[in-house]
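Worksheet: one structure, shown below.
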Amino acid sequence: MRETSEELAALMRAGLQGDETAYRRALELIAQRVRGYVAYGFKAYGYRGEDVEDVVQETLLTVHLKRQTWDDTRPLEPWLKAISRNKLVDHLRRKGYRKHVPIDDFAEILAAPTNEAAEQLGSTEDLLVSLNQRDRTIVEAVSIAGHSAREVGDRLGMSEGAVRVALHRALKALAARYRGD
Amino acid sequence: MRTDDLIKALAADGATRPTAPERALALALLAGVPLAGILFALFLGPRADIATAIATWRFDFKLMVTTLLLFSAIPVLMRLARPETSPRTALLPLAIAPALLAGGVVIELITTPAPTWTAHTIGHNWRACLTIIPLLALTPLAAVMIALRNGAPASPTLSGAVAGILAGAISATYYATLCTDDSPLFVATWYTIAILGLAVVGAIAGRTVLKW
Chain A
-3 MRETSEELAA LMRAGLQGDE TAYRRALELI AQRVRGYVAY GFKAYGYRGE DVEDVVQETL
57 LTVHLKRQTW DDTRPLEPWL KAISRNKLVD HLRRKGYRKH VPIDDFAEIL AAPTNEAAEQ
117 LGSTEDLLVS LNQRDRTIVE AVSIAGHSAR EVGDRLGMSE GAVRVALHRA LKALAARYRG
177 D
Chain B
12 MRTDDLIKAL AADGATRPTA PERALALALL AGVPLAGILF ALFLGPRADI ATAIATWRFD
72 FKLMVTTLLL FSAIPVLMRL ARPETSPRTA LLPLAIAPAL LAGGVVIELI TTPAPTWTAH
132 TIGHNWRACL TIIPLLALTP LAAVMIALRN GAPASPTLSG AVAGILAGAI SATYYATLCT
192 DDSPLFVATW YTIAILGLAV VGAIAGRTVL KW
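In the order they appear, the protein sequences are chains A and B.
Residue numbering for the first sequence follows our numbering, beginning at -3 and increasing consecutively.
Residue numbering for the second sequence follows our numbering, beginning at 12 and increasing consecutively.
Structure, rendered in structure tokens:
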């Protein structure tokens, strides 16, 4: 079942208020939509790469780090499309793809058939290697292993707060690596 | 890494609500505007005859133009900090202050004899104008740029340029209380050059600093 725009916006709003479960669900739904935008964008640009999931992951990172730029009194999709388009264009430029096709018209896109691609690997994996060992451990523990910040802190002998700070820095560093900074 | 795993990491980092772009910009202005004012008061200060100058329309008019530019640039920049804003329409309010200034220029041309126009345009302080406005704008420009890094502007270059205009308007407002050249002809020439220069600096900086 596909949640409507209103339901997604409500989840995102709750997530922004600190509801972690709602936020996670919102990100899952956002990932589905972004996957649709990116696949459509690849096609519109005539780009045949199979790296859709790389752009999806970079977009998700940006959505997260720039979530404050969504005006929560407005619909989420235009904002999401703007971020997706930006990341898509960046990605294609990095790939040396220069053909100019304006895709202002992201409007009428269906989301890609849902979850199968969430199993795919994206290049976040390769970028993780560039983090320092501790940050990498933290990111992998909360993501792949699914531990909470507190559990990770207990294991590494760090406070929960310190884990959260390190996680946030690591995610920002990942986003910067995507940009090639 | 699977996308689902990445989402887990992002959700784990979602507990705090980051600062909204409007708030970040407001904070930057609350710091940058007084700071530039303190620097101005310490090293320059207003002209000695400011009490009588205030009674002349030309002095009040130039202050009106710079403050109007300042206050019209703030909401423009706040809008530009969001990724879905279309820059073209967002920029429109920036035309208000120049339009007002153009009106002032017309009045000046009508009310003063043609042989004095050149002298009014060149004035006495254009070197000071072109030095002080850019220098005094540096602190507000830095503050505003830092605040904008929190946003996600659709066009980093354009947002940088508007940041330069905003910083220039702040600095020009202070400078206007010092400068004894009050003719709209002077303001339209030299203030414009100084502020456009800042727009270029902001645009160049924005290209890299505001990329997200």
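We put the beta carbon where it would ideally sit given N, CA and C, even for glycine.
Would residue 61 of chain B and residue 79 of chain B qualify as a contact pair, given that the criterion is a beta-carbon distance under 8 Å?
Here the question's residue 61 of chain B lines up with position 50 in the second sequence. Here the question's residue 79 of chain B lines up with position 68 in the second sequence. No, the Cβ-Cβ distance between residue 61 of chain B and residue 79 of chain B is not below 8 Å.
Would you call the CB atoms of residue 30 of chain B and residue 64 of chain A closer than 8 Å?
Here residue 30 of chain B corresponds to residue number 19 of the second sequence, with the count starting at 1. Here residue 64 of chain A corresponds to residue number 68 of the first sequence, with the count starting at 1. It is a contact, given that the beta carbons lie within the stated cut-off.
Would you mind stating whether residue 151 of chain B and residue 91 of chain B have Cβ atoms separated by less than 8 Å?
Here residue 151 of chain B corresponds to residue number 140 of the second sequence, with the count starting at 1. Here residue 91 of chain B corresponds to residue number 80 of the second sequence, with the count starting at 1. Taking a C-beta distance under 8 Å as the contact criterion, residue 151 of chain B and residue 91 of chain B do not qualify as a contact pair.
Inter-residue Cα distance where the pair is residue 122 of chain B and residue 116 of chain B
As a working mapping, residue 122 of chain B is identified with position 111 in the second sequence. As a working mapping, residue 116 of chain B is identified with position 105 in the second sequence. Residue 122 of chain B and residue 116 of chain B: Cα-Cα distance of roughly 10 Å.
In this structure, does DSSP put residue 93 of chain B in helix, strand or coil?
Locating residue 93 of chain B in the second sequence gives position 82, counting from the first residue. DSSP places residue 93 of chain B in coil when its eight states are reduced to three.
Can you list, in chain order, the stretches of the alpha helix (DSSP H) that have 4 or more residues and sit fully within the segment 132 to 164 of chain B?
The segment 132 to 164 of chain B contains these whole alpha helix (DSSP H) runs: 137 to 159.
Threshold first: 3 residues or longer. Then list the beta strand (DSSP E) segments lying entirely within the segment 47 to 88 of chain A, N to C.
Runs of the beta strand (DSSP E) inside the segment 47 to 88 of chain A: none found.
By a C-beta neighbour count over all protein chains shown, 10 Å radius and 16 as the cutoff for buried, is residue 167 of chain B buried or exposed?
Here residue 167 of chain B is taken as the residue at index 156 of the second sequence, counted from 1. By the C-beta density criterion, residue 167 of chain B is buried, having at least 16 other C-beta atoms within 10 angstroms.
What number of angstroms, rounded off, separates the C-alpha of residue 59 of chain B from the C-alpha of residue 70 of chain B?
One-based indexing of the second sequence puts residue 59 of chain B at position 48. One-based indexing of the second sequence puts residue 70 of chain B at position 59. Each residue's Cα considered, the two are about 14 Å apart.
Against chain B, which members of the segment 125 to 142 of chain A pass a CB distance test of less than 7 Å?
Those would be 135, 138, 139, 140 and 142, in chain order.
Quick one: what does DSSP say residue 14 of chain A is sitting in, helix, strand or coil?
Here residue 14 of chain A is taken as the residue at index 18 of the first sequence, counted from 1. In the structure shown, residue 14 of chain A sits in coil (DSSP, three-state: anything other than H, G, I, E or B).
Using a cut-off of 9 Å between C-beta atoms, extract the partners of residue 162 of chain B located in chain A.
Here residue 162 of chain B is taken as the residue at index 151 of the second sequence, counted from 1. Residues of chain A passing the Cβ test: 62, 64 and 65.
In chain order, which alpha helix (DSSP H) runs of at least 4 residues are fully inside the segment 23 to 86 of chain B?
You should have 32 to 54 and 61 to 64.
Excluding the 5 residues flanking residue 26 of chain B on each side, which residues of the same chain have their C-beta closer than 6 Å to its C-beta?
Position 15 of the second sequence, counting from 1, holds the residue named residue 26 of chain B. Here the set comprises nothing.
Could you run through the segment 87 to 118 of chain B and flag, in chain order, every residue whose CB is less than 9 Å away from some CB of chain A?
Here the close residues are 92, 93, 94, 95 and 96.
Mapping the DSSP letters down to three states, classify residue 143 of chain A as helix, strand or coil.
The count along the first sequence starts at 1 and reaches residue 143 of chain A at position 147. Under the three-state reduction of DSSP output, residue 143 of chain A falls in the coil class, being neither helix nor strand.
Distance check for residue 127 of chain B and residue 159 of chain B, CA to CA, integer angstroms please.
Taking the first residue of the second sequence as 1, we reach residue 159 of chain B at position 148. Taking the first residue of the second sequence as 1, we reach residue 127 of chain B at position 116. Roughly 44 Å between the two C-alpha positions.
What are the start and end residues of the alpha helix (DSSP H) that includes residue 209 of chain B?
Your numbering for residue 209 of chain B matches position 198 in the second sequence. Per DSSP, the unbroken alpha helix (DSSP H) holding residue 209 of chain B starts and ends at 203 to 220.
Could you name the residues of the same chain whose beta carbon sits closer than 6 Å to that of residue 66 of chain A, not counting the 5 residues immediately before and after it, in chain order?
As a first step, residue 66 of chain A is located in the first sequence; it is residue number 70 there, counting from the start. Answer for residue 66 of chain A: 75, listed in chain order.
Measuring CB to CB, does residue 144 of chain B end up less than 8 Å from residue 205 of chain B?
Residue mapping note: residue 144 of chain B aligns to position 133 of the second sequence, counting from 1. Residue mapping note: residue 205 of chain B aligns to position 194 of the second sequence, counting from 1. Going by C-beta atoms, residue 144 of chain B is nearer than 8 Å to residue 205 of chain B.
Throw me the rounded Cβ distance for the residue 139 of chain A and residue 19 of chain B pair, which I believe falls under 8 Å.
The count along the first sequence starts at 1 and reaches residue 139 of chain A at position 143. The count along the second sequence starts at 1 and reaches residue 19 of chain B at position 8. Rounded, the Cβ-Cβ distance is 5 Å, consistent with contact.
Using beta carbons (cut-off 8 Å, strictly below), is residue 19 of chain A in contact with chain B?
Numbered from 1 along the first sequence, position 23 holds the residue referred to as residue 19 of chain A. Interface residue, yes.
Three-state secondary structure assigned by DSSP to residue 178 of chain A:
Summary: the structure shown does not reach residue 178 of chain A, with chain A confined to residues -3 through 177, and so no result is reported for it.
If distances are taken between C-alpha atoms only, which option among A:69, A:41, A:26 and A:43 comes closest to residue 55 of chain A?
Counted from its first residue, the first sequence places residue 55 of chain A at position 59. Of the candidates A:69, A:41, A:26 and A:43, the one whose C-alpha sits nearest the C-alpha of residue 55 of chain A is A:26.
According to the Cβ coordinates, are residue 114 of chain B and residue 197 of chain B closer than 8 Å?
Taking the second sequence and counting its residues from 1, the one referred to as residue 114 of chain B is at position 103. Taking the second sequence and counting its residues from 1, the one referred to as residue 197 of chain B is at position 186. No, these two residues do not count as a Cβ contact at 8 Å.
By alpha-carbon positions, which one of A:8, A:137, A:173 and A:83 ends up nearest to residue 49 of chain A?
Start at 1 with the first residue of the first sequence, and residue 49 of chain A comes out as number 53. If we check each option's Cα against that of residue 49 of chain A, A:83 comes out closest.
Please decide whether residue 16 of chain A counts as near chain B, where near means a Cβ-Cβ distance under 8 Å.
Your numbering for residue 16 of chain A matches position 20 in the first sequence. Contact with chain B is found for residue 16 of chain A, since one of that chain's Cβ atoms lies less than 8 Å from the residue's Cβ.
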